[in-house]
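Enquirer:
Here it is in structure tokens:
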């Protein structure tokens with residue numbers, strides 16, 4: 001059949017009529033498709049006569065040129081017959097158990113298979129009786145227990161349990177359970193109450209307990225309705241002595257501030273007053289400061305120094321815990337003060353008398369007279385003391401301590417009037433305003449705070465230093481405050497603007513002490529661990545003089561009341577006196 005179809009295609013291609021086609025018998029052995037030779041014989045037996053093709057109308061007839069041979073006929077390629085496909089096997093449908101919904105518990109696959117097998121067997125096995133093994137019983141018990149725990153957790157999650165730990169403890173107490181277990185935390189205690197309430201709910205006893213609880217709360221709320229809550233004050237009440245001290249400080253500060261303002265107005269309005277000339281003369285005196293005397297102060301390094309109000313005595317303290325009094329300007333030892341059991345950290349003279357106070361690391365401060373007699377001890381701090389300062393009236397003493405507080409004491413009675421907190425770290429330095437109304441404190445928290453002694457409030461918190469502040473000093477002009485610390489800078493704060501007006505990169509190491517000239521505040525002196533002390537103009541805070549001579553870090557300094565000389569003490573155990581050359585020339589002229 002394939003051979004005949006191929007032959008007819010070839011005949012049609014050469015333009016033969018159907019009549020000229022030679023019939024091919026399908027029963028002829030030569031036409032049987034067995035191999036390739038039989039197909040070739042069948043094709044060769046056909047008489048192929050070329051017939052000229054008739055072109056369709058409108059298309060020109062192309063005649064091949066003479067000498068071109070006719071195209072040979074293409075042999076027909078037999079098309080193989082594919083074998084019939086076998087049918088695909090049909091798989092039986094897979095029966096899956098229904099999916100368990102929320103809260104439903106389905107039997108295991110083995111149980112379901114057993115049930116199906118039992119149902120298929122019919123009544124044949126129904127008559128047989130079998131016993132459940134011990135393992136199956138244990139499995140069923142575990143399954144029932146897990147189901148009960150699941151239901152219990154669901155019931156517990158739906159209960160309202162208080163979140164306040166005190167309320168949780170109170171409810172546990174009412175339920176007769178321990179309010180806490182060893183090592184139990186708040187959330188664990190709350191979960192324990194939740195499970196206990198769920199258990200009681202499952203047993204049907206929760207409603208009864210809740211009703212009793214509501215009755216108790218109703219009875220408790222009705223009983224104390226007549227009692228009033230005690231209102232505690234948000235502040236700590238001070239003593240009567242503190243109140244009297246605040247009144248006295250207010251009176252003193254009003255007089256002093258009135259005198260300061262009167263003097264400032266007179267300098268401004270009086271044409272005879274030349275403030276610039278006075279400042280220039282004071283800076284010229286400070287610029288001529290030179291080393292006048294050097295003396296060994298103690299066997300151990302010196303920590304503090306202070307000049308008396310008349311400039312005739314100098315007090316020093318050292319690491320040995322001993323303080324000494326020296327005569328000025330010869331720097332000769334007058335007396336020795338022994339009493340501290342630890343190193344002495346600071347010493348200061350009273351502004352109105354020759355009494356002085358020393359501070360120590362033994363957590364106490366001691367009051368002495370100029371002859372070296374011990375008069376009083378100020379005890380109360382919980383850690384070692386740092387710097388101390390006298391109130392301008394001379395009646396009160398301020399002490400700074402590493403217990404993060406500073407305290408105000410009555411000098412005459414030794415009573416502690418005020419314990420003031422406010423710094424987050426140790427308090428290191430104190431300075432009283434010359435009017436007596438304010439006090440500034442500085443500490444290791446890099447903060448300077450200004451306090452109003454008349455009200456006890458913190459009126460300013462001056463932030464700017466990036467490291468601990470070790471020294472602070474008020475200017476006599478009333479509105480400038482200097483501070484220096486471990487960031488090697490000295491900052492000048494303007495209390496009127498409540499911000500820093502000058503930042504002086506004063507030293508190459510930390511600044512241990514700052515002091516204004518006490519009479520008019522025309523210059524500022526700073527001491528540093530770089531073994532130098534420097535003098536700065538208060539007009540523009542430019543450097544005026546550098547005092548070099550110590551062989552170790554300078555721990556403290558003080559300026560005389562008239563500003564004519566400066567004393568410094570150092571870790572090299574020496575006391576150095578820096579005086580103006582003009583004073584020596586004037587004294588020589590007077591002698592002549």
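In my numbering, the protein residues as written are 1 to 592. Positions of the beta carbon are idealized from the N, C-alpha and C atoms, including for glycine.
So for residue 304, helix, strand or coil by DSSP?
Expert: What you label residue 304 is simply residue 304 of the chain shown in a count that begins at 1. Strand at residue 304.
Enquirer: Using a Cβ-Cβ cut-off of 6 angstroms (strictly less than) and excluding sequence neighbours within five positions of residue 504, which residues of its own chain qualify?
Expert: Taking the first residue of the chain shown as 1, we reach residue 504 at position 504. Contacts found: 490 and 541.
Enquirer: From the DSSP output, in three-state form, read off residue 410 for me.
Expert: The residue given as residue 410 occupies position 410 in the chain shown. Residue state, collapsed to three classes: strand.
Enquirer: May I ask you to verify whether the segment 304-319 touches the segment 327-335, counting CB pairs closer than 8 angstroms and requiring at least 3?
Expert: In short, these stretches touch, since the Cβ pair count reaches three.
Enquirer: Measuring CA to CA, which of 508, 376 and 449 is closest to residue 409?
Expert: As a first step, residue 409 is located in the chain shown; it is residue number 409 there, counting from the start. Per the Cα distances, 376.
Enquirer: Please list the segments of the beta strand (DSSP E) lying wholly inside the segment 438-466, counting only runs of 3 or more residues, in order along the chain.
Expert: Listed in chain order, they are 438-443, 447-452 and 457-463.
Enquirer: Considering residue 515, what are the terminal residues of the beta strand (DSSP E) in which it resides?
Expert: Numbered from 1 along the chain shown, position 515 holds the residue referred to as residue 515. Per DSSP, residue 515 belongs to the beta strand (DSSP E) from 511-516.
Enquirer: Just the Cα atoms here: how many angstroms apart are residue 614 and residue 319?
Expert: Summary: the structure shown does not reach residue 614, with the chain confined to residues 1 through 592, and so no result is reported for it.
Enquirer: Which of helix, strand or coil does DSSP assign to residue 346?
Expert: For the purposes of this step, residue 346 is taken as residue 346 along the chain shown, with counting starting at 1. Three-state result, residue 346: strand.
Enquirer: Any contact of the segment 512-529 with the segment 252-267, i.e. 3+ C-beta pairs under 8 angstroms?
Expert: Output reads no: the segment 252-267 does not touch the segment 512-529.
Enquirer: What number of angstroms, rounded off, separates the C-alpha of residue 111 from the C-alpha of residue 179?
Expert: Counting from one through the chain shown, the residue named residue 111 turns up at place 111. Counting from one through the chain shown, the residue named residue 179 turns up at place 179. Its pLDDT being 48, under 50, residue 111 is placed unreliably by the model, and the measurement read from it follows with that caveat. Between residue 111 and residue 179, the C-alpha separation is close to 46 angstroms.
Enquirer: Beta carbon of residue 476, beta carbon of residue 519: below 8 angstroms?
Expert: Numbered from 1 along the chain shown, position 476 holds the residue referred to as residue 476. Numbered from 1 along the chain shown, position 519 holds the residue referred to as residue 519. Taking 8 angstroms as the Cβ cut-off, residue 476 and residue 519 qualify as a contacting pair.
Enquirer: Should residue 498 go down as buried or exposed, given a rule of 16 or more other Cβ atoms within 10 Å for buried?
Expert: Taking the chain shown and counting its residues from 1, the one referred to as residue 498 is at position 498. Its Cβ having fewer than 16 others within 10 Å, residue 498 is exposed.
Enquirer: Can you find at least 3 beta carbon pairs, one from the segment 537-554 and one from the segment 414-429, that sit closer than 8 angstroms?
Expert: Verdict: no, contact absent.
Enquirer: In three-state terms, what does DSSP make of residue 563?
Expert: Sequence index remark: in the chain shown, residue 563 carries index 563 (1-based). Looking at residue 563 - three-state DSSP - the assignment turns out to be coil, as it is neither helix nor strand.
Enquirer: Report yes if the CB atom of residue 168 is closer than 8 angstroms to the CB atom of residue 189, and no otherwise.
Expert: What you label residue 168 is simply residue 168 of the chain shown in a count that begins at 1. What you label residue 189 is simply residue 189 of the chain shown in a count that begins at 1. It is a contact, given that the beta carbons lie within the stated cut-off.
Enquirer: Going by CA-CA distance only, name the one from 517, 418, 440 and 474 that's closest to residue 240.
Expert: Translated into positions along the chain shown, residue 240 becomes position 240. The shortest C-alpha separation from residue 240 is found at 418.
Enquirer: Could you tell me the distance, in whole angstroms, from the CA atom of residue 421 to the CA atom of residue 406?
Expert: The count along the chain shown starts at 1 and reaches residue 421 at position 421. The count along the chain shown starts at 1 and reaches residue 406 at position 406. The straight-line gap from Cα to Cα measures roughly 7 angstroms.
Enquirer: Give every residue of the same chain whose Cβ lies closer than 8 angstroms to the Cβ of residue 303, excluding the five residues on either side of it in the sequence, and list them in chain order.
Expert: Along the chain shown, read from residue 1 onward, the residue named residue 303 stands at position 303. Same-chain partners within the cutoff: 317, 318, 319, 343, 344, 345, 346, 555, 556 and 569.
Enquirer: Quick one: grab the DSSP three-state call for residue 366.
Expert: As a position in the chain shown, residue 366 is number 366, starting the count at 1. Residue 366: strand per DSSP, three-state reduction.
Enquirer: Under the DSSP definition of a beta bridge, which residues are partnered with residue 360?
Expert: Walking along the chain shown from the start, residue 360 turns up at place 360. Partner(s): 344.
Enquirer: What are the partner residues of residue 432, as DSSP defines its beta bridges?
Expert: As a first step, residue 432 is located in the chain shown; it is residue number 432 there, counting from the start. In the DSSP output, where bridge partners are listed per residue, residue 432 has 439.
Enquirer: Who are the near neighbours of residue 196 in its chain, counting only those whose CB is closer than 7 angstroms to its CB and skipping five residues on each side?
Expert: As a working mapping, residue 196 is identified with position 196 in the chain shown. Here the set comprises 175 and 177.
Enquirer: Just to confirm, is the Cβ distance from residue 535 to residue 289 under 8 angstroms?
Expert: As a first step, residue 535 must be located in the chain shown, where it is residue number 535. As a first step, residue 289 must be located in the chain shown, where it is residue number 289. Going by C-beta atoms, residue 535 is nearer than 8 angstroms to residue 289.
Enquirer: Looking only at its chain, what residues have a beta carbon closer than 6 angstroms to the beta carbon of residue 546, apart from the 5 residues adjacent to it on each side?
Expert: Within the chain shown, numbered from 1, the residue matching residue 546 stands at position 546. Counting only Cβ-Cβ distances below 6 angstroms, and skipping sequence neighbours, we find 532 and 534.
Enquirer: Buried or exposed: residue 54, going by 16 or more other Cβ atoms within 10 Å of its Cβ?
Expert: Position 54 of the chain shown, counted from the first residue, corresponds to residue 54. With a pLDDT of 48 at residue 54, under the threshold of 50, the predicted position of this residue should be treated as unreliable, and no value is reported.
Enquirer: Does DSSP put residue 601 in a helix, a strand or coil?
Expert: Limits of the chain in this structure are 1 at one end and 592 at the other, which puts residue 601 out of reach.
Enquirer: List the endpoints of the continuous alpha helix (DSSP H) containing residue 285.
Expert: Reading the chain shown from its first residue, position 285 is the one you call residue 285. Where residue 285 is concerned, the enclosing alpha helix (DSSP H) stretches over 275-287.
Enquirer: Alpha carbon to alpha carbon, how far is residue 100 from residue 146?
Expert: If you number the chain shown from 1, residue 100 lands on position 100. If you number the chain shown from 1, residue 146 lands on position 146. Summary for residue 100: the model assigns pLDDT 48, below 50, so the residue's position carries little reliability, and this model does not support an answer.
Enquirer: Using a threshold of 8 angstroms, state whether the C-beta atoms of residue 463 and residue 453 are closer than that.
Expert: By 1-based counting over the chain shown, the position of residue 463 is 463. By 1-based counting over the chain shown, the position of residue 453 is 453. Taking 8 angstroms as the Cβ cut-off, residue 463 and residue 453 do not qualify as a contacting pair.
Enquirer: Which first and last residues belong to the beta strand (DSSP E) in which residue 379 is found?
Expert: Residue mapping note: residue 379 aligns to position 379 of the chain shown, counting from 1. Its beta strand (DSSP E) spans residues 374-379.
Enquirer: Below 8 angstroms on the Cβ atoms is my contact criterion, and I expect residue 306 with residue 254 to pass it. Report the Cβ-Cβ distance as a whole number of Å.
Expert: Numbered from 1 along the chain shown, position 306 holds the residue referred to as residue 306. Numbered from 1 along the chain shown, position 254 holds the residue referred to as residue 254. Between residue 254 and residue 306 the Cβ distance is about 28 angstroms, and since that is not below 8 angstroms, they are no contact.
Enquirer: Quick test of your reading: residue 394 and residue 260, contact by CB under 8 angstroms. State the CB separation rounded to the nearest angstrom.
Expert: Position 394 of the chain shown, counted from the start, is the residue given in the question as residue 394. Position 260 of the chain shown, counted from the start, is the residue given in the question as residue 260. Going by Cβ atoms, the distance from residue 394 to residue 260 rounds to 18 angstroms, so no, they are not a contact pair.
Enquirer: Using the Cβ count rule (16 or more neighbours within 10 Å means buried), how would you classify residue 285?
Expert: Taking the chain shown and counting its residues from 1, the one referred to as residue 285 is at position 285. Burial call: buried.
Enquirer: Considering only residues of the same chain and omitting the five flanking positions on each side of residue 445, which have a CB-CB separation below 6 angstroms?
Expert: Position 445 of the chain shown, counted from the first residue, corresponds to residue 445. Same-chain partners within the cutoff: 423, 424 and 425.
Enquirer: Can you find the residues in the same chain that come closer than 8 angstroms, C-beta to C-beta, to residue 436, ignoring five residues on each side of it along the sequence?
Expert: On the chain shown, position 436 is the one that residue 436 refers to. Answer for residue 436: 249, 252, 253, 256, 391, 392, 393 and 453, listed in chain order.
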